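A quick write-up on the structure given underneath.
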Amino acid sequence: MKQPVVLSIRGRQRYADQDPEIIELITDGTMEYAGGGWNITYEESALTGLEGVTTTFRVEPGKVLLTRTGALNSHMVFQEGVEHDSLYQMPFGALMITVKATSVFYDIVPDGGVIDLIYQIHIEHSEAGEIDYHLDIRAKEPEKA
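Position 38 of the sequence shown, counting from 1, maps to 35 under my numbering, and the rest follow consecutively.
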């Protein structure tokens, strides 16, 4: 059963010699235990530059999968120390990206939890930088009548 949650998301992207870009977002989403893992889903917004995209983090033993569908389609797999290739499909074309997680941590329980990812990203086989994601997941309080 899908449970409403509040997600606090903090992303930091570091590219070459540029200052880190930080995005912080608090949004509503859902959380569901299915098929031996957790699905945490939310709708992106204009703040993230991904309006019209649904993002799902799938937490399974030993890995986290990130799937985006809608105006942009991608599927990334994060396993510590393992490289994974993914096609990043956007309205104007597609890019081949490779992600290699240097740190994957999650602690999910029925009323919330946390996901921390640190990974390197290569776009079309060229190093693009490092990204850190921190998701704090909290069960949404029932609205009082």
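From the three backbone atoms N, C-alpha and C, an ideal C-beta is built for every residue, glycine too.
All values reported here derive from a predicted model rather than from experimental measurement.
If you reduce the DSSP assignment to three classes, tell me which class Pro132 lands in. For the purposes of this step, residue 132 is taken as the residue at position 135 of the sequence shown. Going by the sequence as given, residue 132 is Leu instead of Pro. Leu132: strand per DSSP, three-state reduction.
Rounded to a whole number of angstroms, what is the C-alpha to C-alpha distance between Asp82 and Ile37? Translated into positions along the sequence shown, residue 82 becomes position 85. Translated into positions along the sequence shown, residue 37 becomes position 40. Their backbone Cα atoms lie some 22 Å apart in a straight line.
Helix, strand or coil: which one does DSSP assign to Leu69? Numbered from its first residue, the sequence shown carries residue 69 at position 72. Leu69 falls in the coil class under three-state DSSP.
Classify Leu44 as helix, strand or coil using the three-state DSSP reduction. Here residue 44 refers to the residue found at position 47 when the sequence shown is read from its first residue. It is helical.
On the three-state DSSP scale, how would you describe Phe102? What you label residue 102 is simply residue 105 of the sequence shown in a count that begins at 1. Phe102 falls in the strand class under three-state DSSP.
By a C-beta neighbour count over all protein chains shown, 10 Å radius and 16 as the cutoff for buried, is Val96 buried or exposed? Along the sequence shown, read from residue 1 onward, the residue named residue 96 stands at position 99. So Val96 counts as buried.
Can you check which of these residues, Gly34, Tyr30, Leu22, is closest to Glu40 by C-alpha distance? Mapped onto the sequence shown, residue 40 falls at position 43. Taking only the C-alpha atoms, the option nearest Glu40 is Leu22.
Given a threshold of 16 other Cβ atoms within 10 Å of its Cβ, counted over all protein chains shown, does Gly110 qualify as buried or as exposed? Residue numbering aside, residue 110 sits at position 113 when the sequence shown is read from its first letter. Buried.
Where do the N-terminal and C-terminal ends of the beta strand (DSSP E) with Glu121 fall, by residue? In the sequence shown, the residue the question calls residue 121 occupies position 124. Careful: Glu121 lies outside any beta strand (DSSP E) and carries neither H nor E.
Spell out the partners DSSP gives Glu21 in its beta bridges. Taking the first residue of the sequence shown as 1, we reach residue 21 at position 24. Answer is Arg7.
Ends of the beta strand (DSSP E) at Glu57? Here residue 57 corresponds to residue number 60 of the sequence shown, with the count starting at 1. Element bounds for Glu57: 50 to 57.
Reference Gln0; option with closest CA among Ile20, Thr99, Pro107, Gln15: Taking the first residue of the sequence shown as 1, we reach residue 0 at position 3. Closest by alpha carbon: Pro107.
For the beta strand (DSSP E) holding Asp82, just list the boundary residues, first then last. For the purposes of this step, residue 82 is taken as the residue at position 85 of the sequence shown. Note, Asp82: beta strand (DSSP E), 80 to 87.
Beta carbon of Ile112 nearer than 8 Å to that of Val56: Looking up residue 112 in the sequence shown gives position 115. Looking up residue 56 in the sequence shown gives position 59. A contact, by the Cβ cut-off of 8 Å.
Looking at the strands, I want to know which residues DSSP matches up with Glu138. The sequence position of residue 138 within the sequence shown is 141, counting from 1. According to DSSP, Glu138 bridges with nothing at all.
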